[in-house]
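Visitor: Would you mind keeping the following structure in view while I ask a few things?
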Amino acid sequence: MLNLVSYAAPLGANAAYVSPRPADGKKHPAIIWLVGGFSNSIGGIAWTPGPRENDQSASAFRDHGILMLYPSLRGGNTNPGHLEAFFG
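This is the structure in structure tokens:
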């Protein structure tokens, strides 16, 4: 469903999950989705649909063919740096 990748950041490589690209050779829309809450890690919330009134997984977009990137932020997972909250 999602692939673990790394992306370049000022302090070094950070982890992210990305949905697979269709093998049709076409361009597709994509969204970078920051999951809410007090953690800058990536967990099951990225792929587990939540209740309709608070679904932070963005699974509705993914289910309709939009490519998704779920980045983790500084200090989360194995990323360098210190824990950040409230967008830095």
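Take the position in the sequence shown, starting the count at 1, then add 62; the result is the number in this note's numbering.
Just so you know, even glycine gets a beta-carbon here, dropped at the ideal spot from N, CA and C.
State the CB to CB distance for the pair L131 and A78, rounded to an integer number of angstroms; the pair is presumed to be in contact (CB under 8 Å).
Guide: Contact flag correct, Cβ pair sits at about 6 Å.
Visitor: Based on the DSSP output, what are the partners of V67 in its beta bridges?
Guide: Note: V67 sits in a beta bridge opposite A78.
Visitor: Which of the three DSSP states is assigned to A85 in this structure?
Guide: The answer is coil: DSSP assigns A85 none of H, G, I, E or B.
Visitor: Just to confirm my understanding: we take G112, look at its own chain, exclude 5 residues before and 5 after, and list those with CB closer than 8 Å. What are they?
Guide: So the list reads Q118, S119, once near-sequence residues are dropped.
Visitor: Work out the CA separation of I93 and A10 for me, nearest whole Å.
Guide: In the structure as shown, the chain begins at 63 and stops at 150. Residue 10 is therefore absent and cannot be evaluated.
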